[in-house]
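Asks: Numbered according to my numbering, the sequence shown spans residues -10 to 325. Just so you know, even glycine gets a beta-carbon here, dropped at the ideal spot from N, CA and C. As the structure is a prediction and not an experimental result, all values here were calculated from the model. Take this structure, written in structure tokens, and hold onto it; I'll ask about it next.
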Amino acid sequence: MKTASSSSSSSHGFPATASLCTPYLLLVPLGLLAVVLVVPSLGSSHVRSDGLGVLCRAGPSAADGYLVTPGGGDAASAAAAAAAETKAVVRPELRLLVGVLTTPKRYERRNIVRLAYALQPAVPSGVAQVDVRFVFCRVADPVDAQLVALEAARHGDILVLNCTENMNDGKTHEYLSSVPRMFASSPYDYVMKTDDDTYLRVAALVDELRHKPRDDVYLGYGFAVGDDPMQFMHGMGYVVSWDVATWVSTNEDILRYNDTHGPEDLLVGKWLNIGRRGKNRYSLRPRMYDLNWDMDNFRPDTVLVHMLKDNRRWAAAFRYFNVTAGLQPSNLYHFP
């Protein structure tokens, strides 16, 4: 007969104390599972497991600067944003740069011309973008420089060329040569040169240009010389396509032969004739014209009227074209 002992064994031959540890042994797998699940969540928010989550992975979380949306939200949002941006930025049919050649001291005239453009009916954005710039050579006088700088700050419509101020001594060449470089990142379709004694009706010109080629264009008030009906365009205002302006800017022969001094409109025609450029020529006579002495030759289909040399003639143009027709009645003013 055996004597009972405190170190007795179980019927399976294991020490009896093993029965006390069985509940704890069952907790070990649960503890390991907890470690596997909890520890990764304590890491960086930018670290993601490809374990169970890979079956239903969402896009980047809001903590990363994104919003998570269902159904592959990131791709859908990006596509929607791209579509909205494309819709918002629609390139117009044509882009036109209008350069108004003027001189620094003509502040009053520039104010009149600005109003003349600002009060015209807007061209629909999908049809044309028209940018008007007042064109100077270097502004040497310190008083003029300060006042013109005010205009630039307020209106953003000043363009200063690297030349000495002049009318027929190379300013137009400098303008046509500089524009392709100044606007190389966002080229226009057409470049216009006009003067500060010219009233341009923008919508009428745009309507003409919409149906014209975008290359090799020379348009204005054509002058006939001999058998050539459009040897050159009058300096009151003419348009060249962007490629023609670019050609002028790169043609070294013009400067080599000092061919920039003299009547600028004649010279532009000469350059293009010698270089066989501007083959698509269009004269808008009689819709471009000089205002006569009696100021009674205005036309309802006017594209451009020239020779507005004083305020009286500008006022006559505004009156004829009903520029102030939209002025609302007020007890603050009365005009005859």
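1. The alpha helix (DSSP H) with M171 in it runs from where to where?
2. Which parts of the region 77 to 160 are runs of the beta strand (DSSP E), unbroken and 3 residues or longer, counting only runs that do not cross its ends?
3. Give the secondary structure of Y278 by DSSP, where H, G and I count as helix, E and B as strand, and everything else as coil.
4. Have a look at G251 and L316 and give me their C-alpha separation to the nearest angstrom.
5. Are G88 and V124 closer than 9 Å when you measure CB to CB?
6. Would you check if there are 3 or more beta carbon pairs closer than 8 Å linking the region 200 to 207 to the region 222 to 230?
7. Give every residue of the same chain whose Cβ lies closer than 8 Å to the Cβ of A192, excluding the five residues on either side of it in the sequence, and list them in chain order.
8. Which full runs of the alpha helix (DSSP H) of 4+ residues lie inside the region 242 to 300, going along the chain?
9. Mind reading off the beta-carbon distance from Y164 to L85? Whole number of angstroms is fine, and I expect it under 8 Å.
10. Is the beta carbon of L273 less than 9 Å from the beta carbon of Y210?
11. So for V195, helix, strand or coil by DSSP?
12. Which same chain residues end up closer than 6 Å to A141 when comparing Cβ atoms and leaving out the 5 residues on each side of it in sequence?
13. Thinking just about the alpha-carbon of each residue, which of Y188, L139, T249 and N269 is nearest to the one in M277?
Replies: In this structure, then:
1. By 1-based counting over the sequence shown, the position of residue 171 is 182. K160 to M171 is the span of the alpha helix (DSSP H), which, as asked, contains M171.
2. 83 to 90, 117 to 125 and 147 to 149
3. Here residue 278 refers to the residue found at position 289 of the sequence shown. Three-state DSSP puts Y278 in a strand.
4. Here residue 251 refers to the residue found at position 262 when the sequence shown is read from its first residue. Here residue 316 refers to the residue found at position 327 when the sequence shown is read from its first residue. For G251 and L316, the distance between alpha carbons rounds to 44 Å.
5. For the purposes of this step, residue 88 is taken as residue 99 along the sequence shown, with counting starting at 1. For the purposes of this step, residue 124 is taken as residue 135 along the sequence shown, with counting starting at 1. Against a cut-off of 9 Å, the Cβ pair of V124 and G88 comes out as a contact.
6. They touch, by the three-pair rule.
7. For the purposes of this step, residue 192 is taken as the residue at position 203 of the sequence shown. Excluding sequence neighbours, A192 sits near Q109, P110 and V112.
8. 253 to 263
9. As a position in the sequence shown, residue 164 is number 175, starting the count at 1. As a position in the sequence shown, residue 85 is number 96, starting the count at 1. No, Y164 and L85 are not in contact; Cβ-Cβ is about 15 Å, not under 8 Å.
10. To locate residue 273, count along the sequence shown from 1; it is residue 284. To locate residue 210, count along the sequence shown from 1; it is residue 221. It is a contact, given that the beta carbons lie within the stated cut-off.
11. Here residue 195 refers to the residue found at position 206 of the sequence shown. Three-state result, V195: helix.
12. The count along the sequence shown starts at 1 and reaches residue 141 at position 152. Answer for A141: I147, listed in chain order.
13. Position 288 of the sequence shown, counted from the first residue, corresponds to residue 277. Ranking the options by Cα distance to M277, first place goes to Y188.
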